[in-house]
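Peer 1: For the sequence shown, numbering that gives the first Met the number 0 begins at 0 and goes up steadily by one.
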Amino acid sequence: MTFEQQLELLRRGTSEIISEEDLLAKLRLGRPLRVKLGVDPTVAHVTLGWAVVLRKLRDFQRLGHTACLIIGDFTAQIGDPSGKSKTRPQLTRDDVVRNVAAVSEQVYKILDPDKTEIFYNRDWLGAMTFEDVIRLASRTTVARILERDDFTKRLNEQRPIALHEILYPLCQGFDSVEIQADIELGGNDQKFNNLVGRTLMQQYGQEPQVVMLCPLLVGTDGKEKMSQSLGNYISIIDSPRDIYGKTMSIPDELMANWFELCTDTPLDELREIVQACESGQMNPRDAKRRLAQEIVALYHSREAAEAEDQYFLETFSQRSQPVDAPETAIPREVIQDGGLSVPGLVVALGLAKSNGQAKDLMKAGAVTLDGVKLDDLTQKLTVSEVEGKILKVGKHQFRKLVGPGS
Numbered sequence: 000m001t002f003e004q005q006l007e008l009l010r011r012g013t014s015e016i017i018s019e020e021d022l023l024a025k026l027r028l029g030r031p032l033r034v035k036l037g038v039d040p041t042v043a044h045v046t047l048g049w050a051v052v053l054r055k056l057r058d059f060q061r062l063g064h065t066a067c068l069i070i071g072d073f074t075a076q077i078g079d080p081s082g083k084s085k086t087r088p089q090l091t092r093d094d095v096v097r098n099v100a101a102v103s104e105q106v107y108k109i110l111d112p113d114k115t116e117i118f119y120n121r122d123w124l125g126a127m128t129f130e131d132v133i134r135l136a137s138r139t140t141v142a143r144i145l146e147r148d149d150f151t152k153r154l155n156e157q158r159p160i161a162l163h164e165i166l167y168p169l170c171q172g173f174d175s176v177e178i179q180a181d182i183e184l185g186g187n188d189q190k191f192n193n194l195v196g197r198t199l200m201q202q203y204g205q206e207p208q209v210v211m212l213c214p215l216l217v218g219t220d221g222k223e224k225m226s227q228s229l230g231n232y233i234s235i236i237d238s239p240r241d242i243y244g245k246t247m248s249i250p251d252e253l254m255a256n257w258f259e260l261c262t263d264t265p266l267d268e269l270r271e272i273v274q275a276c277e278s279g280q281m282n283p284r285d286a287k288r289r290l291a292q293e294i295v296a297l298y299h300s301r302e303a304a305e306a307e308d309q310y311f312l313e314t315f316s317q318r319s320q321p322v323d324a325p326e327t328a329i330p331r332e333v334i335q336d337g338g339l340s341v342p343g344l345v346v347a348l349g350l351a352k353s354n355g356q357a358k359d360l361m362k363a364g365a366v367t368l369d370g371v372k373l374d375d376l377t378q379k380l381t382v383s384e385v386e387g388k389i390l391k392v393g394k395h396q397f398r399k400l401v402g403p404g405s
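Printed below as a string of structure tokens:
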């Protein structure tokens, strides 16, 4: 590939590159570039939203460059204030260690381990003396830090900003200095932090990094950015059925964006799909089936994707009851005096986040047992009435109920 073709490949799925001229100049250096991505292990799952920047890092690997993954085992305990309207709760060391172990395994579903260097920023940030911290803090001004949109909003609304939050961009920027990054990737919300790294590198006499920003993926609810705390996410280690089913639940207007950010579908083919849907030549449901298959294939296999598509056609298109719904034991904790409440059962099985949500689903007729609607909020069922039957919640969640678990 020519350098211009490489640049065209790397543009996909990005919202801003600072700057393209600098990126092209670095590509022409003729050596493997050090491409940095910092990840704070504040959660234990790699979501499709997080995978957007990981997949961009993989694009660099395919061009022969080195992925430098910074595991923020130190900065995770501070809490990135990006986009936050209030101070984030700080994680314990045990929380961080647990999340690091989970995340470290998942990233290799996307990245090539042979072209990946893993760093832990506790190795240098944790070794700093208080004098080192003061010297690092002298590298910027309070006015510069307060240029951040989220800090400005909090000041105007008289919401508190903790001093450790002000130090966070400097910590992230110093990571770039430590590994001498050529390029740093991040979501749109990381622009300020990434630019601090670019400035720090110049102050330390290094060639400044190129900053590449990716859009934040909107979650399955079609409203907020994908987040585990909001429950609108898909994990790359979800089962093929869950990935397929959750993808089919997204609003139609998200499809083009998800195709571009979450799959390897060629852009010219993507444009044809969008045009076909807009002209009425293709049913949006069929386009979404293609999207769901592409995502399942990425994280499982093409065979699994085809199997889930067939399952979808047989189950939902033909309105049939799934014969292979996953078997789930009735949780003992929901059984009281020989009976169980439907909202309690739905929540205990993880099919709704709260009793309130479960009741709303029941009111909407979205909860059925062997095809019979369960819309009486006060109804108590016996174990024998539900055992061996298929509970359906929403459009895509099925569980075959078996005897109570221990």
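Positions of the beta carbon are idealized from the N, C-alpha and C atoms, including for glycine.
To the nearest angstrom, report how far apart residue 218 and residue 250 are at their CA atoms.
Peer 2: What you label residue 218 is simply residue 219 of the sequence shown in a count that begins at 1. What you label residue 250 is simply residue 251 of the sequence shown in a count that begins at 1. Roughly 10 Å separates the two Cα atoms.
Peer 1: Below 8 Å between beta carbons: does that hold for residue 187 and residue 214?
Peer 2: For this step, residue 187 is matched to residue 188 along the sequence shown. For this step, residue 214 is matched to residue 215 along the sequence shown. A contact, by the Cβ cut-off of 8 Å.
Peer 1: Comparing C-alpha positions only, which one of 70, 152, 221, 30 sits nearest to residue 123?
Peer 2: The count along the sequence shown starts at 1 and reaches residue 123 at position 124. The candidate whose alpha carbon is nearest that of residue 123 is 70.
Peer 1: So the alpha helix (DSSP H) residue 331 belongs to, where does it begin and stop?
Peer 2: Residue mapping note: residue 331 aligns to position 332 of the sequence shown, counting from 1. Per DSSP, residue 331 belongs to no alpha helix (DSSP H) and is neither H nor E.
Peer 1: Please return the same chain residues whose Cβ sits closer than 7 Å to the Cβ of residue 197, not counting the five positions on each side in sequence.
Peer 2: To locate residue 197, count along the sequence shown from 1; it is residue 198. The answer, listed in chain order, is 207, 208, 210.
Peer 1: On the premise that residue 182 lies in contact with residue 372, defined as a C-beta separation below 8 Å, what is that separation, rounded to the nearest angstrom?
Peer 2: Mapped onto the sequence shown, residue 372 falls at position 373. Mapped onto the sequence shown, residue 182 falls at position 183. Not quite, the Cβ-Cβ distance comes to about 54 Å (not below 8 Å), so this is no contact.
Peer 1: Below 6 Å CB to CB, which residues in the same chain sit around residue 4 once its five sequence neighbours on both sides are set aside?
Peer 2: Along the sequence shown, read from residue 1 onward, the residue named residue 4 stands at position 5. Exclusion of the five residues before and after residue 4 leaves no residue of its chain whose Cβ lies closer than 6 Å to its Cβ.
Peer 1: Nearest-angstrom Cα distance between residue 146 and residue 100?
Peer 2: Residue 146 sits at position 147 when you count from the first residue of the sequence shown. Residue 100 sits at position 101 when you count from the first residue of the sequence shown. So the two alpha carbons sit approximately 35 Å from each other.
Peer 1: Hey, quick one: how far does the beta strand (DSSP E) through residue 396 stretch, first residue to last?
Peer 2: For the purposes of this step, residue 396 is taken as the residue at position 397 of the sequence shown. Residue 396 -> beta strand (DSSP E) spans 396-401.
Peer 1: Between the C-alpha atoms of residue 428 and residue 205, what's the straight-line distance to the nearest angstrom?
Peer 2: In the structure as shown, the chain begins at 0 and stops at 405. Residue 428 is therefore absent and cannot be evaluated.
Peer 1: May I have the straight-line CA-CA distance separating residue 84 from residue 221, to the nearest angstrom?
Peer 2: Counted from its first residue, the sequence shown places residue 84 at position 85. Counted from its first residue, the sequence shown places residue 221 at position 222. Since pLDDT at residue 84 reaches only 46, below the 50 mark, its modelled position is unreliable, and no value is offered.
Peer 1: Apart from the five residues just before and just after residue 405, which ones in its own chain have a Cβ nearer than 6 Å to its Cβ?
Peer 2: Taking the sequence shown and counting its residues from 1, the one referred to as residue 405 is at position 406. Only weak support exists for where residue 405 lies, its pLDDT of 46 falling under 50; the coordinates are left without a value.
Peer 1: For residue 199 and residue 172, I'd like the C-alpha separation in whole angstroms.
Peer 2: Residue mapping note: residue 199 aligns to position 200 of the sequence shown, counting from 1. Residue mapping note: residue 172 aligns to position 173 of the sequence shown, counting from 1. A direct Cα-Cα distance of roughly 6 Å separates residue 199 from residue 172.
Peer 1: Given this structure, state the Cα-to-Cα distance separating residue 361 from residue 374, to the nearest angstrom.
Peer 2: In the sequence shown, residue 361 corresponds to position 362, counting from 1. In the sequence shown, residue 374 corresponds to position 375, counting from 1. Cα-Cα distance, rounded: 5 Å.
Peer 1: Using the rule of at least 16 other Cβ atoms within 10 Å of the residue's Cβ for burial, across every protein chain shown, is residue 74 buried or exposed?
Peer 2: To locate residue 74, count along the sequence shown from 1; it is residue 75. By the neighbour-count rule (16 or more Cβ atoms within 10 Å), residue 74 is buried.
Peer 1: Alpha carbon to alpha carbon, how far is residue 22 from residue 260?
Peer 2: Taking the first residue of the sequence shown as position 1, residue 22 is located at position 23. Taking the first residue of the sequence shown as position 1, residue 260 is located at position 261. When rounded, the distance between both Cα atoms is 21 Å.
Peer 1: Under 6 Å Cβ to Cβ from residue 239, same chain only, skipping five residues before and after it: list those, please.
Peer 2: As a first step, residue 239 is located in the sequence shown; it is residue number 240 there, counting from the start. If we look at residue 239 and ignore the five residues flanking it on each side, its Cβ neighbours are 295, 299, 303, 307.
Peer 1: Any contact of the region 348-358 with the region 391-405, i.e. 3+ C-beta pairs under 8 Å?
Peer 2: yes
Peer 1: Thinking residue 202 and residue 138 are a contact (beta carbons under 8 Å), I'd like their distance in whole angstroms, please.
Peer 2: For the purposes of this step, residue 202 is taken as the residue at position 203 of the sequence shown. For the purposes of this step, residue 138 is taken as the residue at position 139 of the sequence shown. Going by Cβ atoms, the distance from residue 202 to residue 138 rounds to 6 Å, so yes, they are a contact pair.
Peer 1: So, using beta-carbon positions, are residue 109 and residue 50 closer together than 8 Å?
Peer 2: The residue given as residue 109 occupies position 110 in the sequence shown. The residue given as residue 50 occupies position 51 in the sequence shown. In this structure, residue 50 lies closer than 8 Å to residue 109 by Cβ.
Peer 1: Would you tell me roughly how many angstroms separate the C-alpha atoms of residue 324 and residue 399, rounded to the nearest one?
Peer 2: Within the sequence shown, the letter at position 325 stands for residue 324. Within the sequence shown, the letter at position 400 stands for residue 399. Approximately 6 Å between the Cα atoms of the pair.
Peer 1: So, with DSSP's three-state summary, where would you put residue 246?
Peer 2: For the purposes of this step, residue 246 is identified with residue 247 of the sequence shown, where counting begins at 1. The answer is helix: DSSP assigns residue 246 an H, G or I state.
Peer 1: So, is residue 247 buried or exposed, given that buried needs 16 or more other C-beta atoms within 10 angstroms?
Peer 2: Indexing the sequence shown from 1 puts residue 247 at position 248. Classification for residue 247: buried.
Peer 1: Between residue 46 and chain B, is the shortest Cβ-Cβ distance under 8 Å, so that the two count as touching?
Peer 2: Of the chains in the structure shown, none is chain B; there is only one protein chain.
Peer 1: Evaluate contact between the region 269-282 and the region 223-239, counting only Cβ atoms and requiring at least three cross-stretch pairs below 8 Å.
Peer 2: no
Peer 1: Just verifying my parser: in three-state terms, what is the DSSP assignment at residue 362?
Peer 2: Working through the sequence shown from its first residue, we reach residue 362 at position 363. Of the three classes helix, strand and coil, the one that applies to residue 362 here is helix, per DSSP.
Peer 1: Answer with buried or exposed for residue 0, where buried requires no fewer than 16 other C-beta atoms within 10 angstroms of its C-beta.
Peer 2: Position 1 of the sequence shown, counted from the first residue, corresponds to residue 0. Looking at its Cβ environment, which holds fewer than 16 other Cβ atoms inside 10 Å, residue 0 is exposed.
Peer 1: Using a Cβ-Cβ cut-off of 6 Å (strictly less than) and excluding sequence neighbours within five positions of residue 59, which residues of its own chain qualify?
Peer 2: On the sequence shown, position 60 is the one that residue 59 refers to. Cβ neighbours of residue 59 beyond the five flanking positions: 34.
Peer 1: Quick one: Cα of residue 379 to Cα of residue 340, how far?
Peer 2: For this step, residue 379 is matched to residue 380 along the sequence shown. For this step, residue 340 is matched to residue 341 along the sequence shown. Between residue 379 and residue 340, the C-alpha separation is close to 5 Å.
Peer 1: Take the Cβ of residue 8 as the centre, count every other Cβ of all protein chains shown within 10 Å, and call the residue buried at 16 or more, exposed below.
Peer 2: Residue mapping note: residue 8 aligns to position 9 of the sequence shown, counting from 1. Answer is exposed; the Cβ neighbour count stays below 16.
Peer 1: Whose CA, out of 381, 402, 376, 176, lies closest to the CA of residue 435?
Peer 2: Missing from the structure shown is residue 435; the chain here goes from 0 to 405 and no further.
Peer 1: Determine the closest residue to residue 195 out of 216, 168, 120, with distance taken between C-alpha atoms.
Peer 2: Within the sequence shown, the letter at position 196 stands for residue 195. Per the Cα distances, 168.
Peer 1: Could you give the uninterrupted runs of the alpha helix (DSSP H) lying entirely in the region 117-142, keeping only those of 4 residues or more?
Peer 2: 121-124, 129-136
Peer 1: Verify whether the separation of the beta carbon atoms of residue 236 and residue 47 is less than 8 Å.
Peer 2: Sequence index remark: in the sequence shown, residue 236 carries index 237 (1-based). Sequence index remark: in the sequence shown, residue 47 carries index 48 (1-based). Going by C-beta atoms, residue 236 is not nearer than 8 Å to residue 47.
Peer 1: From the DSSP output, in three-state form, read off residue 266 for me.
Peer 2: Numbered from 1 along the sequence shown, position 267 holds the residue referred to as residue 266. DSSP places residue 266 in helix when its eight states are reduced to three.
Peer 1: Skipping 5 residues on each side, what residues in its chain have a beta carbon closer than 8 Å to that of residue 77?
Peer 2: Along the sequence shown, one-based indexing puts residue 77 at 78. Taken in chain order, the residues that qualify are 89, 163, 164, 166, 167, 170.
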